[in-house]
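Going down the list, the sequences are from chains C, D and V. By the UniProt record's numbering, the letter at position 174 of the first sequence is numbered 174, and the numbering carries on one by one without gaps. By the UniProt record's numbering, the letter at position 204 of the second sequence is numbered 204, and the numbering carries on one by one without gaps. By the UniProt record's numbering, the letter at position 6 of the third sequence is numbered 6, and the numbering carries on one by one without gaps. Each residue gets a CB set at the ideal place from its N, CA and C atoms; glycine is no exception. Data first, discussion second: the structure below is written as structure tokens.
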Amino acid sequence: MNSTDLAIDVSHLVTHYGSRKILDDISFQARQGEIMVIMGGSGSGKSTLLRHLLGLHQPTSGSIRLLGKDITQLSADEMYDLRKNMGVAFQGGALFNSMTVGENVELPLREHTRLDENTMRIMSRMKLEVVNLAGFENLMPSELSGGMIKRAALARAIVMDPRLLFFDEPSAGLDPVVSAELDELILILRDAMNMTIVVVTHELESAFKIADRITVLDQGRILMSDTVAAVRASTNERIQSLLNRTPRNEAINPDEYMERLTREIF
Amino acid sequence: MTLNPLLSFVSQVGQRSLQSVREVGYHAALLAEAFYWLLFGHWRRQPVRLGAVFKEAVGVGVNAIPIVALASFATGMMLAIQGIYTLRTFGAEGQVVLGIALSVTREFAPLITGIFVAGRSGSAIAARIGTMQISQEIDALRVIGINPVRYLVAPLLAAMLLTLPALTILSSLVALFGGALYCAGELSLPIDIFFARTFEVLVADDVIHGVLKSFIFAVIVTLIGAGNGFNVSAGAEGVGQATTRAVVLGCIGIILADMVFTFLTSR
Amino acid sequence: MDIQIEDRPPYKVVRLSGDVDLHSSPRAREAILDCLKQKAPLLVDLSAVSYMDSSGVSSLVEGYQTAKKQGLEFALVAVAQSAMNVLKLARLDKVFPIHASLDERMAQQR
Ligand SMILES: Nc1ncnc2c1ncn2[C@@H]1O[C@H](COP(=O)(O)OP(=O)(O)OP(=O)(O)O)[C@@H](O)[C@H]1O
Ligand SMILES: [Mg+2]
Numbered sequence: 001m002n003s004t005d006l007a008i009d010v011s012h013l014v015t016h017y018g019s020r021k022i023l024d025d026i027s028f029q030a031r032q033g034e035i036m037v038i039m040g041g042s043g044s045g046k047s048t049l050l051r052h053l054l055g056l057h058q059p060t061s062g063s064i065r066l067l068g069k070d071i072t073q074l075s076a077d078e079m080y081d082l083r084k085n086m087g088v089a090f091q092g093g094a095l096f097n098s099m100t101v102g103e104n105v106e107l108p109l110r111e112h113t114r115l116d117e118n119t120m121r122i123m124s125r126m127k128l129e130v131v132n133l134a135g136f137e138n139l140m141p142s143e144l145s146g147g148m149i150k151r152a153a154l155a156r157a158i159v160m161d162p163r164l165l166f167f168d169e170p171s172a173g174l175d176p177v178v179s180a181e182l183d184e185l186i187l188i189l190r191d192a193m194n195m196t197i198v199v200v201t202h203e204l205e206s207a208f209k210i211a212d213r214i215t216v217l218d219q220g221r222i223l224m225s226d227t228v229a230a231v232r233a234s235t236n237e238r239i240q241s242l243l244n245r246t247p248r249n250e251a252i253n254p255d256e257y258m259e260r261l262t263r264e265i266f
Numbered sequence: 001m002t003l004n005p006l007l008s009f010v011s012q013v014g015q016r017s018l019q020s021v022r023e024v025g026y027h028a029a030l031l032a033e034a035f036y037w038l039l040f041g042h043w044r045r046q047p048v049r050l051g052a053v054f055k056e057a058v059g060v061g062v063n064a065i066p067i068v069a070l071a072s073f074a075t076g077m078m079l080a081i082q083g084i085y086t087l088r089t090f091g092a093e094g095q096v097v098l099g100i101a102l103s104v105t106r107e108f109a110p111l112i113t114g115i116f117v118a119g120r121s122g123s124a125i126a127a128r129i130g131t132m133q134i135s136q137e138i139d140a141l142r143v144i145g146i147n148p149v150r151y152l153v154a155p156l157l158a159a160m161l162l163t164l165p166a167l168t169i170l171s172s173l174v175a176l177f178g179g180a181l182y183c184a185g186e187l188s189l190p191i192d193i194f195f196a197r198t199f200e201v202l203v204a205d206d207v208i209h210g211v212l213k214s215f216i217f218a219v220i221v222t223l224i225g226a227g228n229g230f231n232v233s234a235g236a237e238g239v240g241q242a243t244t245r246a247v248v249l250g251c252i253g254i255i256l257a258d259m260v261f262t263f264l265t266s267r
Numbered sequence: 001m002d003i004q005i006e007d008r009p010p011y012k013v014v015r016l017s018g019d020v021d022l023h024s025s026p027r028a029r030e031a032i033l034d035c036l037k038q039k040a041p042l043l044v045d046l047s048a049v050s051y052m053d054s055s056g057v058s059s060l061v062e063g064y065q066t067a068k069k070q071g072l073e074f075a076l077v078a079v080a081q082s083a084m085n086v087l088k089l090a091r092l093d094k095v096f097p098i099h100a101s102l103d104e105r106m107a108q109q110r
């Protein structure tokens with residue numbers, strides 16, 4: 001892989017919450033225009049990885065290169081400039097509750113550009129059209145349904161036409177039709193704007209539909225980071241159990257088990 | 001627990017004070033950052049918006065006028081009642097004007113204003129920022145490239161610094177008016193004479209003393225409200241705790257700061 | 001981004017080239033609105049556009065609507081693929097009159 005067209009290049013990332021190690025030696029890459037899906041069981045560290053990719057936490061060690069820049073080393077001003085090329089749709093939407101939907105979508109433009117008022121208005125409405133929320137710009141976030149909030153958050157994330165888009169759990173809590181629409185939208189965005197898109201998801205079906213590559217996390221480590229076909233064909237037991245949704249069936253050590261149940265009692 | 005109770009007590013005290021020191025440090029950093037954005041934001045092309053300052057000023061200042069005025073009026077009257085009652089035993093009730101004038105401008109007006117703003121706005125700030133914290137709105141600000149301190153705290157701090165002194169002066173006037181009304185009834189002292197005498201005994205220093213305090217209180221209420229909001233980590237319960245803490249710590253902070261300030265300046 | 005303005009009576013032709021992005025699109029917008037102030041029907045040539053973002057598209061939308069209010073023709077000609085993708089994203093490819101080339105449009109005119 002040519003290192004210049006890598007949009008995302010994470011290498012040997014190690015992170016802690018307090019003294020607890022959460023991510024251990026994470027390395028993976030994504031090219032410009034690629035859709036990378038991050039999968040893994042609950043508590044495997046997906047959200048933590050995403051927060052580090054967004055530069056919300058400083059890792060213990062390792063590097064995170066976005067569009068060629070190592071965000072663990074950037075100055076505040078350089079990070080500020082890089083953020084113009086990054087869009088994020090949070091799991092719960094994270095729309096600003098004190099603003100209308102339209103104001104939410106316009107906010108990045110107001111902060112980062114000196115465009116004409118009309119231009120900003122039209123741009124934000126265009127993005128609301130893209131996510132099928134035309135005409136909702138004067139509503140408050142509290143007046144939207146869960147699916148509408150997700151779409152409004154997506155509109156805000158793409159209003160600056162970012163080169164990197166991060167999307168946390170696009171389908172969580174949505175009915176199958178709406179989540180299929182969101183998947184479709186992700187594909188359209190990539191095709192139209194050549195965005196690099198990182199999606200964190202639980203949904204296998206959606207992952208296989210949109211992903212170019214899948215990174216599978218397990219207990220803070222990478223099990224695999226490869227094409228969809230390779231992940232499907234993997235013989236790794238944990239990956240297979242994730243794919244087939246079989247419950248974890250670990251062997252029980254009777255002594256350890258009893259010890260866990262009775263610790264600090266006897 | 002096999003730990004010696006005394007040892008455990010000492011270690012708890014130690015941990016508590018360590019935490020307090022950390023908290024004070026955190027709030028100091030927050031203050032420095034808010035001032036930084038107020039002073040240099042424009043130069044970094046990330047200005048603190050005047051519109052936001054104005055909006056906050058209405059919220060924390062203008063909307064607090066009725067309640068602060070009512071409390072000040074009652075306090076002024078209470079001071080007059082108590083003052084006349086006490087001074088009468090010395091046959092010196094004529095001196096009540098001096099007592100009211102000084103204690104209102106130097107002590108009561110800034111204190112009442114501070115406490116009421118802490119109760120009204122300290123909790124509101126903590127609740128607002130705390131809710132934004134758990135709904136990831138703070139994270140959303142950061143990933144958009146908007147510094148949350150610049151966007152949320154700096155305008156509030158500016159608004160507080162602008163409106164608290166004004167509220168304090170208003171509070172003084174209303175409290176004096178309350179005192180004057182009571183004296184008019186009880187001592188048959190005309191209201192204009194009351195005010196004339198008040199302005200005779202008051203020197204600029206007394207007014208400045210009250211206003212200086214209100215600046216300090218403005219900083220305390222803003223920082224404790226915002227700091228508790230940012231530190232919310234878990235759920236609605238966390239927001240509730242933060243608002244309570246913001247009010248309690250805000251009021252205590254104000255009273256302690258008042259004591260220290262008065263001690264340092266009135267000797 | 002470069003802007004060339006050409007008179008091809010009765011049209012004015014605004015030819016944009018290079019990157020039409022957040023930095024340059026305000027100039028494109030101004031050029032388009034200026035031409036419309038002169039009451040000339042307008043063709044915007046996008047053949048040499050290497051990249052266009054939605055601020056560029058937004059300027060086209062504003063131009064289109066301004067022209068329409070004045071009863072003037074407004075059309076895009078020779079839309080480069082990169083710009084087309086962005087137009088399609090907002091389904092604007094179905095809204096703007098789009099001509100394959102300037103000559104084609106001029107030929108129809110006669
Ligand atoms: N703020 C935090 N403080 C301390 N530990 C945390 C924090 N957030 C997450 N963790 C821990 O980090 C680990 C990974 O959590 P993370 O939220 O990244 O998992 P996840 O893969 O996103 O799970 P899910 O699919 O359930 O959202 C968990 O063990 C969790 O307990
Ligand atoms: Mg998660």
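Return helix, strand or coil for THR244(D), following the three-state DSSP convention. helix
LYS69(C) by DSSP, collapsed to three states: which one? strand
With a threshold of 9 Å between beta-carbons, can residue 138(V) be considered close to chain C, or not? Outside the shown range of chain V, which is 1 to 110, sits residue 138(V), and nothing can be said about it.
For MET1(D), three-class secondary structure by DSSP: Note that MET1(D) has pLDDT 46, beneath the 50 cutoff, so the model's placement of it is unreliable and the number below is only indicative. MET1(D): coil per DSSP, three-state reduction.
At which residue ranges does the segment 87–123 of chain C contain complete beta strand (DSSP E) runs of 3 or more residues, listed in the order of the chain? none
Validate contact between the segment 142–158 of chain D and the segment 12–21 of chain V using beta carbons, cut 8 Å, 3 pairs: no
Give the C-beta separation of LEU49(C) and LEU67(C) to the nearest angstrom, bearing in mind that I take them to be a contact with Cβ-Cβ under 8 Å. Contact doesn't hold; Cβ gap of about 18 Å is too wide.
Close beta carbons around MET1(D), own chain, < 6 Å, minus the five adjacent residues each side: Because MET1(D) sits at a pLDDT of 46, beneath the cut-off of 50, its placement in the model cannot be relied upon, and the following sentence gives the value as read from the coordinates. Contacts found: none.
Report yes or no: do three or more beta-carbon pairs, one from the segment 242–252 of chain D and one from the segment 103–122 of chain D, lie closer than 8 Å? yes
Would you check if the distance between the CB atom of HIS99(V) and the CB atom of ARG105(V) is smaller than 9 Å? yes
Please state the DSSP three-state secondary structure of LYS21(C). strand
Please find out if some non-hydrogen atom of ligand 2 comes closer than 8 Å to the beta-carbon of SER206(C). No.
CB of SER233(D) to nearest heavy atom of ligand 1: below 8 Å? yes
Under a three-way DSSP split, which group does THR222(D) fall into? In this structure, THR222(D) counts as helix in the three-state DSSP scheme.
Is it true that the segment 204–218 of chain D meets the segment 153–168 of chain D, where meeting means three or more beta-carbon pairs spaced less than 8 Å apart? yes
Neighbouring residues, chain D, relative to TYR80(C) (Cβ below 7 Å): GLY145
Considering only their Cβ atoms, is the gap separating ILE254(D) from ILE129(D) smaller than 9 Å? no
Rounded distance between the beta-carbons of VAL207(D) and THR75(D), thought under 8 Å: That pair is no contact at about 17 Å.
Quick one: grab the DSSP three-state call for SER17(V). When DSSP states are grouped into helix, strand and coil, SER17(V) belongs to the strand group.
Confirm the yes/no value for this check: CB of VAL200(C), any heavy atom of ligand 2, distance under 8 Å. Yes, the beta carbon of VAL200(C) sits closer than 8 Å to at least one heavy atom of ligand 2.
Per DSSP, GLY40(C) forms a beta bridge with which residues? LEU217(C)
Measuring only between beta-carbons, confirm whether ALA192(C) sits less than 9 Å from chain V. yes
At the 9 Å Cβ level, is LYS88(V) part of the contact set with chain C, yes or no? yes
Alpha helix (DSSP H) segments (min. 4 residues) lying fully within the segment 80–105 of chain D: 96–103
I want to see whether chain V comes within less than 9 Å of LEU189(C), judged by CB atoms only; does it? yes
Give the straight-line distance between the Cα atoms of ASP9(C) and SER20(D), rounded to the nearest whole angstrom. 41 Å
Simplified DSSP state of SER63(C), which is helix, strand or coil: strand
In the segment 212–223 of chain C, which residues sit with their C-beta less than 9 Å from some C-beta in chain V, listed in chain order? none
Per DSSP, TYR36(D) forms a beta bridge with which residues? Its beta-bridge partners do not exist; DSSP assigns none.
Residues bridged to LEU165(C) by DSSP? Looking at the DSSP assignment, LEU165(C) forms a beta bridge with GLY87(C) and ILE197(C).
Name the chain C residues whose beta carbon is nearer than 7 Å to that of HIS142(D)? First, the residue type needs correcting, since residue 142(D) is Arg and not His in the sequence shown. The contacting residues are LEU56.
Of the residues MET195(C), LYS21(C) and LEU243(C), which one's Cα is nearest the Cα of GLY41(C)? Between GLY41(C) and the set MET195(C), LYS21(C) and LEU243(C), the nearest pair of CA atoms involves LEU243(C).
From the DSSP output, in three-state form, read off MET84(V) for me. helix
Hey, LEU128(C) and ALA152(C): beta-carbon distance below 9 Å or not? Yes, they are a contact pair.
Going by C-alpha to C-alpha distance, which of MET160(C), VAL178(C), THR201(C) and LEU139(C) sits closest to PHE167(C)? The option with the nearest alpha carbon to PHE167(C) is THR201(C).
Using a Cβ-Cβ cut-off of 9 Å, state whether LYS53(V) counts as contacting chain C. Note that residue 53(V) corresponds to Asp in the displayed sequence, not to Lys. Taking Cβ atoms only, chain C reaches closer than 9 Å to ASP53(V), which makes this a yes.
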